[in-house]
Every structure is written in structure tokens, then in C-alpha cells.
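For the sequence shown, the residue numbers in this note's numbering are 1 to 251.
Glycine is no exception: its CB is placed at the ideal position from the N, C-alpha and C atoms.
To start, the structure under review is shown below, and the notes come after it.
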Amino acid sequence: MGIAVNGVEITDEEIELELPHHKDAANPVKQAVHEVVLRHLLLQEVERLGLDQGNEDSDDVRIEALFAREVRVPEADEAACRRYYQSQQERFSSGAMVEARHILFQVTQSAPLDLLRETGELILAELQAHPERFEELAREYSNCPSGAVGGNLGQLSRGQCVAEFEQLLFRLQPGELAGRLLETRFGLHIVQAQRRIEGTVLPFEAVKAQIADELQRQSWQRALHQYLHILVGKANIEGVSLDGADSPLVQ
């Protein structure tokens, strides 16, 4: 059975054109199908609401006009911003640094993710029992150039490494070994924080606008997820099971 949205068939050509945009997704074909189906659904809603009006705007502009009309969220007030500031002060410190080391297990064709995970878990267990072996095991197993110096990455400040690595690293106490493998686009990491230099927390007024933008973005994404779920729930979608939030449209 083919794929259709409210009786309008999705062609293989449309999916093939969309596919290159999702080559890095875990399941590129599934992601491309979801994106095409959602785009059809949204453009049908544009037409139903009369937002098209016969102009020559691109599909993206039409969809943005639909979102502007249908997805609205209140601005973050000062009280909400202050609560966020108090709960996330580590994010708003200036000059904080952590001396870190890691062991990287890089995904390759000859070393698939499952095999790397199994190896990583064994090495992590060994380090939990014998932390003094970190440098030795980093030199033997790490696929990062830092392996040659025992996994030492030097002093890292915020913004110098990928977000998921930074989030984990700055939560660790000096000397603490993360109790799980960390997965990033580079592979799997065993992470240990060493010496830590605390920074100065920026005053609320200096980051108020940044916080308001972040809270506004989060609220808008939640509202958009809800809106897409409602549209999907009302639509007659054949040939595919679609989660309305599973789309780059909501990023």
C-alpha cells in the first residue's frame, strides 16, 4: 500500500528528493518519509485556512505563515527567567574550566557500535576497580590523539567541546570518573574530570535576554509539538505510522 495524506498520494520521487537531507539520521528513509508527510499535511492546512492566496511564496514561507498564525506562546516573564537562572547558574559562569581526560572508542566499519559499547563497558568497569590504570588503558585503547598522553585533554572551558560532552564534564567533581559511557558523534567516551577551576557567575541582568530567548524557544517547541500531534490526529494518513513530533520541522 502506498503512502497518502488525506487522499493525496506521496510519490517515491518526493521521498528520494528529501532523502539527502537526512543522511546523518539513524534511519534516513523513515525520517525522509516523515518529513514529506508532515510537509504535505502542513501545506494542506495552509490551503484550508486560505493562507496561500494564490501567491508564489515558497513552501517554507507558507509553513512559516501557518506557524505564525496557529502556534503562539506567551513571552517569558521575569519571574520565570529568575527561576531558570537560579536553577542553572553553572551555565552562566564565566571562566570556569575543567582539566579532563577521556578514552574514545571511535565507530568504524570494522568496529561497529555494539562491539565498541561492549569493549567500552569492560574498560570502564576495569577503571572503576583500578582507576590508576587510566593512562595505561587510554594509550592502549583510545582512538583520540590524546591517547598518546594518557587521554589528557588539558583545561577545557565551556564552548570548547560538543554539548553532550560539556554537560557531562561540568557536572563531574574533581577526580570523578563518569559512571557511564558517553555517546557523541565522535563515538563512545570514558570521561574523567580532574582539576577544576570555578568561574564567576554572571549577574542576572547580563543574561536575562539570553534566558528569555531560551525559555521562549522551549515554549514554542512544546507548542509546535502539540500542534503537529493535533494535525496528525485529525488527518487520514495511510501507509505510515507518524509521530507528529518526529521531524526536523520542530527543531
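Which residues in the same chain have their Cβ closer than 7 Å to the Cβ of V107, if we skip the five residues on either side of it in sequence?
Locating residue 107 in the sequence shown gives position 107, where the first residue counts as 1. The answer, listed in chain order, is L113, L116, G187.
For R196, which residues of its own chain have a beta-carbon under 6 Å away from its beta-carbon, when the five flanking residues on both sides are left out?
As a first step, residue 196 is located in the sequence shown; it is residue number 196 there, counting from the start. The answer, listed in chain order, is V98, P174.
For the putative contact between L38 and L228, defined by C-beta atoms under 8 Å, what is the C-beta separation to the nearest angstrom?
By 1-based counting over the sequence shown, the position of residue 38 is 38. By 1-based counting over the sequence shown, the position of residue 228 is 228. 7 Å between Cβ atoms; contact.
Looking only at DSSP bridge pairs, what is E238 linked to?
Here residue 238 refers to the residue found at position 238 of the sequence shown. Bridge partners of E238: A4.
Is the region 219–238 in contact with the region 117–126, if contact means three or more CB pairs nearer than 8 Å?
The region 219–238 is not in contact with the region 117–126.
Once the 5 residues before and after L153 are set aside, which same chain residues still bring their CB inside 7 Å of it?
Here the question's residue 153 lines up with position 153 in the sequence shown. Closer than 7 Å at the Cβ level, and outside the excluded window around L153, lie A100, R101, H102, S146.
Give me the Cβ distance between G199 and S93, rounded to the nearest whole Å; I'm assuming they're in contact under 8 Å.
Residue mapping note: residue 199 aligns to position 199 of the sequence shown, counting from 1. Residue mapping note: residue 93 aligns to position 93 of the sequence shown, counting from 1. Contact flag correct, Cβ pair sits at about 4 Å.
Hey, out of R139, N143, Q88, whose CA is closest to L104's CA?
As a position in the sequence shown, residue 104 is number 104, starting the count at 1. Looking at the Cα atoms, N143 is the closest of the given residues.
Under the three-state reduction of DSSP, which class applies to S110: helix, strand or coil?
In the sequence shown, residue 110 corresponds to position 110, counting from 1. Coil at S110, not helix or strand.
Taking the alpha-carbon positions, what's the Y85 to S110 distance?
If you number the sequence shown from 1, residue 85 lands on position 85. If you number the sequence shown from 1, residue 110 lands on position 110. One C-alpha to the other measures close to 46 Å.
From this set, A178, E70, D57, Q89, which residue's C-alpha is nearest E205's C-alpha?
For this step, residue 205 is matched to residue 205 along the sequence shown. Checked all of A178, E70, D57, Q89; the closest Cα to E205 is Q89.
What residue does the alpha helix (DSSP H) around R195 start on, and which one ends it?
Mapped onto the sequence shown, residue 195 falls at position 195. No alpha helix (DSSP H) holds R195; the beta strand (DSSP E) holding it covers 187–197.
Around the C-beta of G151, are 16 or more other C-beta atoms found within 10 angstroms, so that it is buried, or is it exposed?
Here residue 151 corresponds to residue number 151 of the sequence shown, with the count starting at 1. Label assigned to G151: buried.
Near L168, which residues of its chain fall below 8 Å by C-beta distance, leaving aside the five closest residues on each side in sequence?
In the sequence shown, the residue the question calls residue 168 occupies position 168. Answer for L168: A178, L182, V191, listed in chain order.
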